[in-house]
Each structure stands twice: as C-alpha cells, then as structure tokens.
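Engineer: The listed protein sequences derive, respectively, from chains R and V.
When we follow our numbering, the leftmost residue of the first sequence carries the number 5, and every step to the right adds one.
When we follow our numbering, the leftmost residue of the second sequence carries the number 14, and every step to the right adds one.
Built from N, CA and C at the ideal position, the CB exists for glycine as well.
Nothing here was measured: the structure is a model prediction, and the numbers come from that model.
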Amino acid sequence: MKNGFFSLAGLRRLRVMTWKELLQLFRDTALMVFFLYSFTGDIYIAASGVSMQLKNAAIATLDGDRSDASRELLSRFQPPYFRPIGELAAARDSITLLDDAGAMAVLDIPPRFQERLQRGEQVSVQLQVDTTNSVLGFLASSYGAQIVGKYGLEAAARREGLGGMAGPVLQADTRIWYNPNQNDAWFMGISELLTVVTLFAILLPAAAMVREKERGTIEQLMVTPLSAFQILFPKVIAMTLVILGGSAIALFGILGPVFHVPMRGSLLTFFLITALYVFTTAGLGLLAATVARNLAQVGMLTVVILMPMLLLSGAWTPPEAMPDWMRILAYISPLHYFLDAAYGILLKGAGMDLLWDSVLAMATLGVCVFALGMGRFGRQFG
Amino acid sequence: MSPSEPAIQVAGFTKRYGKRLAADGLALTVQRGEIYGLVGADGAGKSSLMKAIAGVLSFDGGTVDVFGSRIDSARAAEKVKDRIGFLPQGLGLNLYPDLSIDENVDFFGRLRLVPGRELAERKRLLLEMTRLDAFRDRPMRQLSGGMKQKLGLVCTLIHEPDLVILDEPTTGVDPVSRRDFWAILGKLLEEKGITALVSTAYLDEADRFHRVSLFHEGKVMGEGTPAELVARVPGTLALFRAEPQATALPRLKAAFPQTEAMGSWLRVFADGLDAAGARAGIDAALAGIPATDWFAREPELEDVFVAMLRQRGARLDTQLQDDDAPRPLATSQTPALAIEARDLTRVFGDFRAADAVNFSVPQGEIFGLLGANGAGKTTVIKMLTGILKPSSGSGRVAGADMRSAGLAIKERIGYMSQAFSLYHDLSVVENIRLYAGIYGLDDRQGKRRADWVIGMAGLAGFENDAAGRLPMGLRQRLALGCALVHRPQVLFLDEPTSGVDPIGRRVFWDILFHLSRNDGVAILVTTHYMSEAEHCDHLALMFAGKVVADASPEAMKAAVAREAGQLLELRVDRPAPAQAALRAAGYASAALHGRAVHLLSKDVDGDRTRLPALLASAGVAVQSVVLRPLSMEDVFVQRVTALEDAQRRTP
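(1) Cβ closer than 7 angstroms: which chain V residues qualify as neighbours of R:ARG297?
(2) Can you confirm whether V:ILE426, when its beta carbon is compared against all beta carbons of chain R, has any partner nearer than 8 angstroms?
(3) List, in order along the chain, the chain R residues whose C-beta lies closer than 7 angstroms to that of V:LEU447?
(4) Going by the DSSP bridge assignment, what does V:LYS232 pair with across the sheet?
(5) In terms of residues, what are the limits of the alpha helix (DSSP H) holding R:MET243?
(6) Taking the alpha helix (DSSP H) that R:THR100 belongs to, which residues open and close that run?
(7) Since V:LEU138 is in the alpha helix (DSSP H), which residue starts that stretch and which ends it?
(8) Kindly list the residues whose CB is nearer than 7 angstroms to the CB of V:ARG192, restricted to its own chain and excluding five residues on each side of it in sequence; keep chain order.
(9) Considering only C-alpha positions, which residue in the set R:PHE38, R:ARG219 and R:LEU111 is nearest to R:SER74?
(10) Do you know how far the Cα of V:LEU435 is from the Cα of V:ARG462?
(11) Just to confirm the assignment: which complete alpha helix (DSSP H) runs, minimum length 4, are found wholly within the segment 584 to 639 of chain V?
(12) Take V:VAL520 as the anchor and find which of V:TYR448, V:ALA577, V:PHE120 and V:GLN271 has the nearest alpha-carbon.
(13) Rounded to the nearest angstrom, what separates V:ALA354 and V:ALA367 at their Cα positions?
(14) Roughly how many angstroms lie between the CA atoms of R:THR228 and V:ILE426, to the nearest whole one?
(15) Counting contacts by CB-CB distance shorter than 8 angstroms, is R:ALA13 in contact with chain V?
(16) Can R:LEU248 and R:ALA279 be called in contact, C-beta distance under 8 angstroms?
(17) Residue range of the alpha helix (DSSP H) that V:HIS551 falls in?
(18) Tell me whether the beta-carbon of V:GLU311 lies closer than 8 angstroms to the beta-carbon of V:ASP217.
(19) My assumption, with CB atoms under 8 angstroms, is that V:ASP187 sits in contact with V:ALA385. Please give the rounded CB distance.
(20) Once the 5 residues before and after V:LEU198 are set aside, which same chain residues still bring their CB inside 6 angstroms of it?
(21) Who are the neighbours of V:LYS688 on chain R, taking C-beta pairs under 9 angstroms?
(22) Assuming contact is defined by CB atoms lying nearer than 8 angstroms, are V:GLN592 and V:VAL617 in contact in what I supplied?
(23) With distances taken between CB atoms, is the gap from R:THR285 to R:ALA205 smaller than 8 angstroms?
(24) Residues in its own chain within less than 7 angstroms of R:GLY124 by CB, not counting five upstream and five downstream?
(25) At 3 residues or longer, what runs of the beta strand (DSSP E) sit wholly inside the segment 356 to 382 of chain V?
(26) Give the secondary structure of R:ILE349 by DSSP, where H, G and I count as helix, E and B as strand, and everything else as coil.
(27) Are there 16 or more other CB atoms within 10 angstroms of the CB of R:PHE39, so buried, or fewer, so exposed?
(28) Within 8 angstroms (strictly less), CB to CB, does V:ARG398 reach chain R?
(29) Could you list the residues in the segment 222 to 243 of chain R with a C-beta less than 9 angstroms from some C-beta on chain V, going in chain order?
(30) Using 8 angstroms as the threshold, is the C-beta distance between R:ASP134 and R:ALA105 below it?
(31) List, in chain order, every chain A residue whose beta-carbon is nearer than 9 angstroms to that of R:GLN28.
(32) If you draw a straight line from the C-alpha of V:THR344 to the C-alpha of R:PHE43, how long is it?
(33) Under a CB-based cut-off of 8 angstroms, is R:GLY220 close to chain V?
(34) Measuring CA to CA, which of V:ILE445, V:ARG254, V:ARG45 and V:ALA297 is closest to V:PHE269?
(35) Between V:LEU342 and V:GLY468, what straight-line distance do the alpha-carbon atoms span, to the nearest angstrom?
(36) Counting Cβ pairs closer than 8 angstroms, one from the segment 573 to 590 of chain V and one from the segment 547 to 556 of chain V, do we hit at least three?
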C-alpha cells in the first residue's frame, strides 16, 4: 500500500496538493476580491435591496364623483403598500401614465358613486394595474381588491344600520411561522448566500483545473505518481474550505449582525451540509473544466450550469408549481436539496432527523457527478 | 533624404516595463540593403526595440530614426509605416487562423492598398517561391509551423516594403524549415534590394547576417560582422578526448571556465591563447591525463559571446556535490539499460504518430531524440513516461515494464517539459517542496533536497521569489531541480532549453553531464538547437514517426560526409549570384550564410581549385575557400531533406 490513498505518502500528497491550491487561490488577487465581495457586499445588496413585497406602489386616482364616499375610499390607499401621487385630469391620461411607468395603478371612481352606494345599488370601481412585474402586479391588484372589498362591506353594514362588523363574518386567523415579520431580507439573504456558494463551488475548482491545463502543469502532474483522484480531490478539499470560510463571513458578518437572520438549528450541521453540497457541485465544475480550454470558457460554462440550477432549484418557484417534466429536473439539481436543508436549519431549526433524505440525495448526486468528472479527466489524460 | 542615409538609426534607446528595464541605452545603425541581426536570449530587449522601430511601441528614452524620419509619436510613425513590413514574434500570430493562405495574403494586400492586378502577380510570385502555392485554399491553422512562418513572411512582403522587421521568425521552427526560410529571405532581399532587421535566439544563426548586435539583458554587448565579433575575443577552440572524462572535466574547468563535454569529446575555449599555447595550457591543466584526437580551430560566436559575458562577471559554475546517501536504486543490481523501446507504435485514427520505434539508452548516457515538428518525438516521450498508452509494442523504463508497472516507472523518472511547468504563483521553495511532497518525501528529506536544488540551480537569494518572476535560465534550472527532487534514475527532457541564454544553457548542460557521469542518471532529451545535439552521447533521428538514424553524433556526421560530402565555406564578394551559379553547376546544397556560401563537397581538393574558376566565369570573386566541420544541423538538414525527397517521389 505504498501508494494507497491512506498510506503515509498518500496523505502527504493530499496535504501538499491541498496546501498548493490554497496558496494559489490566495495569491490570485482578482479572484479573492471577487470572492470576498460576493460573500459580503453582494449578499448585503440582495438582502437589503430586493423585496418581494408591495411597498410604496404609486397610485393615481380618477375621481368622477368627488363625494365623501369617493374621498374615503381613496384615502384608504395608503403607505406602506400604496403611495397616492395625485389625481388625473382625464380618463385617457391613465393609460399614458401606466405606459410611462409613472404609476403602478390607477383607481377610477365613476360619477354618482356615493349616490348609488346609498341607494344600495351595485357599484363598480376600476383598478388598472401595471403587471409587468407579475408578482408585484398580482399583489397590487389583490391588495386593491381587498381594500375596495372591505370598504364595500363597511358601506353595506353602515347602510343596514349595523355599526361596525356585527354580522356573520368569517375571520381568517393566520399564524405566521419561521419568519413572523415576513422579513424578505431573511429569505433573500440566505438565498443569495446559497447562490454565491453554488457559483464558487462550480467556478473555483474549474478555474484551478483549467489553469493547470493552460500552463501545462497538468502534464507535469501526470508523470508523477499521483492518481487522477489525487490530483482532483485536493482541489475540491481546498475550495470547500475556502467556501466554508466565505459562508462563515456571510453568516456572522452580514446576515447575523445586519439582518438578524435567526440561526435556529445546529451551525455545525449547516457547515457539514454546505461542505457536502460544495463537494457535490465541485464535481460539476471539474466536469466543465474537462470541456473548457481556458478561463474564459470556464466563465461561460459556469453561467450555463448555474442558471438552470438556480431556476430549477425551487429558490424562486417551488417544484410543485413547475410543469411535470421540469419538476423531475428539479429533483436532480443538488441546490434543491441544499435549499431545503439550509432554510430548514437556519429558519426552522431542523436537525438531521428531518433532513436525512435531502442529505442522502445530495451525497448520491455528488458521488455520481464526481465519478463522471473523474472518468472524463482520466480519458482525457490517461 | 539622401540615398546613402541609413535605413535605421537608434541612439540611447531605453524602455521600461514597470520597474524592469527592458532596454538600456541601445544604439545601432542599419545600412540600406543589409540583413541586420539582433541576437540574444528571451528578455534581452530585442522585441522592444523592434516594436519601437516598427512604430507600435512607445519608449522612455533615446531616439529612433527610420529612413531619416524621427519616430517620436504615433503620427510620425504613420509616415513611414507604408515603407515597413513587421512580422511579430510567435508562429502565425499576425495571421487569421480561419482564413486560407490565399485569403490571408489578399487581406494584407488590400489592407496595404496594393492594386488588384499587382496584388495577384506578387501573390503568385511569392507563393511560388515559398512553395505554398500548392496549399492556397488550406486554412492557416492547418499549416505546420514552418509554413505559417513562410506565410507570415509573404504577408509582410506583399506591399513591397523598403524595410522588413522580423521578430524571431525561426523560433520553434525545425532546422529544415529554418534553412528554407533563410534561403527565401536572402533571395527576396537580393532581388528587391530591401533592408531586413531580423532577431533570433539561436547564436549559430548569426552567420546568416551581414552585421549583428549581440544583446544581453537590455544592453548591446557587441556590434559588427560575425567575423569581426569573433575576432574581438582572441583565443583558440580545442576539441579533444581525455579519459576518464569525469576526472578531466573538473581539472580543465578550474583553468578554463569555458569547458564543456560533448558526448565523448571535450570542448575548451582557451581565451587569449593561440593553438600551441592552448595545447600547452590544456596539457598542464589535465595533469597527466593524455589528450587525444586533438583539433584546434577558431572559436564560434557563441564561445565569444559567453567569453564577453564572463568578462562582465557572469559565472558558469554550479554547486553539484550531493551530500545525500547514495541513490538507492543506482547500484549494480540496476539493469544496464535505463530505457528500452521495442516497436513502440501509437496510432491516432489513421495517423501513425510513432511507428515501430526502437532504441535503448544505457544508464549514465545522454540520449538525444531529434526530429522536425510532428516527427513523433513528443509521442514517444509521452508513451515512455506513461501519459499515453501505446497502440502496440513494449518498453521498459528504469527496470519496470511500461505496460504493467506504470506507477513504479513514475516514481523512478523525472520529467521536464518545454513549458517548464512550474507554478508561477508559488515561490521557488514552495515549488520544490510541493514536488518533494508529491514524490512522497518526508519533511526532513524535502528540506534537504530543497537545499540541494537551490545550490545546484544557483537559486540562493531567490528562495522566496515567485517562480514566474525568475529569469528564464533560473526558471529552467528550477524546473530541472523539481524533476530531480526524488533522485530519479531516468530523466526525460522535452525541449528543455527554449528561450534560455547561452550562459544558462551551458550551466544546464554541465548539470546534465554531471548527473549522467557521476550519478549514472540516464537522460533522454529532445531539442531544436542542433548545437546542443552535439552534447549527447547518442542520437536518434525521427522522421514521420520512425527512427531513421541511430548513432553517435560523430558517426552521423561521418556518414553524411561519406554520402553527401564535406562542408566547404566560400567567402565571396557577391553571395547571391555565387549561390545561383553554384546551384546551376549542380551544387544543390549551396546555401547563403551572410556574405559566405556553404556547400557540401565530395571532392574537397578538386573543388578548392574548381569552384573559384567556376565562380569567376559568373563574375564572382572568391576570397577564400575553407573546409569547415559539419555541424549537427548540416546532418539534420541533409538527412531530413533526403527523406522528404524520397517521400515525395513515392507518395
């Protein structure tokens, strides 16, 4: 077992090769700056800037009635959701304003609004909504409908002489778990962290590998008694360590102190699962490096691999909402399992008893992908 | 602007890249109609100067005048650009890989606004002369290195410039293509009367030029005709044998620093001594070891160049003693044969990259594998080092079977490739310790071997510098050190000296000699520098995947002398017409070397009298006819040309 992986010489090889990768990475100033920015600045921007909620949506009004009732309805469109920007002079201005993105919604109240309400007739008001951004558009129209609906109910109750809400009214009593304030920063921050982890898990090993190809050092390694595995695996170990370091910076430097993301579960479990995920994804990077000839191609391939991984992972859409064939693809995206596990640990405080299936799936995928990368590498240089 | 005005005049030229001084007060003058050579290693400042003259690089100090116009701004450079053709360094880097030969030439012609009919006519002539006309529709990327360079030359000449600037046009090109290139260039310049400024890293190409500047580390070491430069350092070059060589070499080195072993020969440059003085001095230094087979002649430019550098303080010595315990495997039980290739064959599709290759290398021998680009040298090395599986055949390396014991072989061999595959971002010590760890040395052994490598390679003081920032010579020795860190029995070197200056190359070969003679290491080396092939004990010449000659350098030379004749050098007043007249008279080997013509003669005594008369009738005056020793380059060109002709006859 002189050359065995676990022999003394084998472990020494592993050590010197891993150390070499770390040294090379730390001396690549440009890459290190990009790395540090991604794990700090980029996550900060995502957590503080990106919101999936309706906030301060500009709303213009067209009041054809100018009565107490119409003014009262209009006054209910208020911050934080809506921001009234004033009244339009003519109906035709409304579509122009929406075209220009000068307002997100226009509320049109017809003449004789108050009179018809008091007579107990059915009245319609029109809410025109810009749904270019489908999520925000959906929120604006449903919040708008809620406000109008509630006003209608109250108006009806008042007319019937029932002060307040005394009738048979069904009240939905919602309990919001895990993120009680529905704080977007938590979701966005963690999701950006996972994205950045994925990016570097693909990019770093691929870049390290292709750099050896470009410089010709790979040939030098091939004539030494190193096996393909002994050449590839140290890259993965080194990059995993570095990415865990980056994740720690993001968690304890940004997400924790700035955004107060709760870390309810075991952080040890989180880092172990992250390590497993990086190993899994690094296999994809190495696979890409066997195809690419230079660093530029590695960059392009990283984008090509990363985008579908993100889109299919469930980070933006739960797999249940995807078409059937795509849902199957989501189950082979390692990010899908990582998301499950990461949100589970950080927000829900889940432990291995709940996460074992995700971990098992991730490990299985990882071994397959790594074996594939090794195989291609072996064929290319063997 | 008078016609006698020099084509190029440079004074005090200085160029910096950051902190590094690339050119330090260079001065030179190129007369019209000259082939002027800039000779020196990578990083000596040749390219910077050439780019500045071509008007594509700004510089920090001094003046550059081209045809009487001062090049001091981009606008000034525009004025003379029409009259200049510039071929930058790198094989085919100025060409478009996806365009065919035809399209490339047309593109450069139209770029230079050459009228249609003239363009077609010039293209026809130039392609015919370069023998590229048969491949007009082939995309440039499918051409061989030599063909790319010829196409580059055609594209540079298409607008008939008055001055061509060619930056290392022969680097990376095999000797046959190289000789072709010089023949074509000489002919074109003669016919068109243009001026050429050409750089080269090969000192033995210097005699192709009318005048040369020797470059070293941003300075001009000397300027003049090759003969003038050689005369500048008087001395005698002695070639002889002395056994035992390993004892004789250190004794000689103590008295004559410029001593080298070339196979079984010793080569000593005795500066300041005439032939008799050299003999006396060498006998005294040998202290009892008899010198046999004695030859004394005038030194070559490389000897002179090294002597100049030595006068300026360059050192040739290295620290080679190895304090470690004797190498565990180099004992009597080691097989006598270090490398044995039996019918090694590798097929890629229907292309036989290596075809039944046979040779053997005993322990302690330096074995040279020669051949043009694509002859199969690298394929053979890759098979022997276990990177590539042979399609058929077998081999043993360091006592282990290539097919079954790949890992054992890898532990016993060292390998160094042409790219000096070091990690540029790691320091000297980090590189050494990395390879020590890879070969399974423990920390204590690793540290001792690192100290040995640093001493051997002369890297003391550079231990913590990044490998990428070392000068080429040091980088090369560091790569060698990394390949030797585990004390291998067999060393494979794939073009190990590209781009290294003469001093660096000498020190390098000294180390190889020491390893082979004192430690019994078998060394297999490939090289494009034919002057280096002379260092080998034994040579194998490859052509189209086959070994076509396998002998010692002397035996190879003797065979060529027997078959094709000996080398005569004719100094004449008008070389180009002389060459034409000689070719017409049946001396097909006649080639231009600066102001001299070289040819192979089967009847030396007869030709000594016959040739001056023959040339006189062509109106050429012969100043001297000298018998010169055949070089390995002559042997290589002769052999490969004969094989190419044979291949062409039987397609």
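Structural biologist: Taking the coordinates as given:
(1) Neighbours of R:ARG297 across chain V, judged by C-beta separation under 7 angstroms, do not exist; the nearest C-beta is about 14 angstroms away.
(2) Yes, V:ILE426 counts as interfacial toward chain R.
(3) Neighbours of V:LEU447 on chain R, chain order: VAL20 and LYS24.
(4) Answer is V:HIS229.
(5) R:MET243 -> alpha helix (DSSP H) spans 232 to 253.
(6) R:THR100 -> alpha helix (DSSP H) spans 96 to 103.
(7) From DSSP, the alpha helix (DSSP H) with V:LEU138 extends over 129 to 142.
(8) Hits under 7 angstroms: ALA604 and VAL650.
(9) Out of R:PHE38, R:ARG219 and R:LEU111, R:LEU111 has the C-alpha closest to the C-alpha of R:SER74.
(10) The straight-line gap from Cα to Cα measures roughly 17 angstroms.
(11) For the segment 584 to 639 of chain V, whole alpha helix (DSSP H) runs of length 4 or above, ordered along the chain, are 588 to 597 and 617 to 630.
(12) That would be V:GLN271, whose Cα lies nearest to the Cα of V:VAL520.
(13) The straight-line gap from Cα to Cα measures roughly 11 angstroms.
(14) In a straight line, the C-alpha of R:THR228 is about 8 angstroms away from that of V:ILE426.
(15) So, interface residue.
(16) It is a contact, given that the beta carbons lie within the stated cut-off.
(17) Counting along the chain, V:HIS551 falls outside any alpha helix (DSSP H), though it belongs to the beta strand (DSSP E) covering 551 to 556.
(18) V:GLU311 is not a Cβ neighbour of V:ASP217, given a cutoff of 8 angstroms.
(19) Your pair V:ASP187 and V:ALA385 checks out as a contact, with CB atoms roughly 4 angstroms apart and the cut at 8 angstroms.
(20) Hits under 6 angstroms: none found.
(21) Lying outside 14 to 664, the shown extent of chain V, residue 688 of chain V is not represented and no answer is given.
(22) Taking 8 angstroms as the cut-off, the Cβ atoms of V:GLN592 and V:VAL617 do not count as close.
(23) Taking 8 angstroms as the Cβ cut-off, R:THR285 and R:ALA205 qualify as a contacting pair.
(24) Setting aside the 5 residues that flank it on each side, R:GLY124 is surrounded in the same chain by ARG163, each with a C-beta closer than 7 angstroms to its C-beta; the list follows chain order.
(25) Secondary structure in the segment 356 to 382 of chain V: the beta strand (DSSP E) runs of 3 residues or longer, each lying completely within the stretch, are 364 to 375 in chain order.
(26) It is helical.
(27) Per the 10 Å Cβ criterion, buried.
(28) Rather than Arg, the amino acid found at residue 398 of chain V in this sequence is Thr. So yes, V:THR398 belongs to the interface.
(29) The residues in question are ILE222, GLU223, GLN224, LEU225, MET226, VAL227, THR228, PRO229, LEU230, SER231 and GLN234.
(30) Contact check for R:ASP134 against R:ALA105 passes: the beta carbons are separated by less than 8 angstroms.
(31) The question asks about chain A, but that chain is absent: this structure's protein chains are R and V.
(32) Unreliable placement is indicated for V:THR344, whose pLDDT of 44 sits below 50; the coordinate value is still reported in the next sentence. Spanning the two alpha carbons is a distance of roughly 57 angstroms.
(33) Interface residue, yes.
(34) Considering only alpha carbons, the answer is V:ALA297.
(35) Note that V:LEU342 has pLDDT 44, beneath the 50 cutoff, so the model's placement of it is unreliable and no number is given.
(36) Between the segment 573 to 590 of chain V and the segment 547 to 556 of chain V, the count of Cβ pairs shorter than 8 angstroms is below three; the stretches do not touch.
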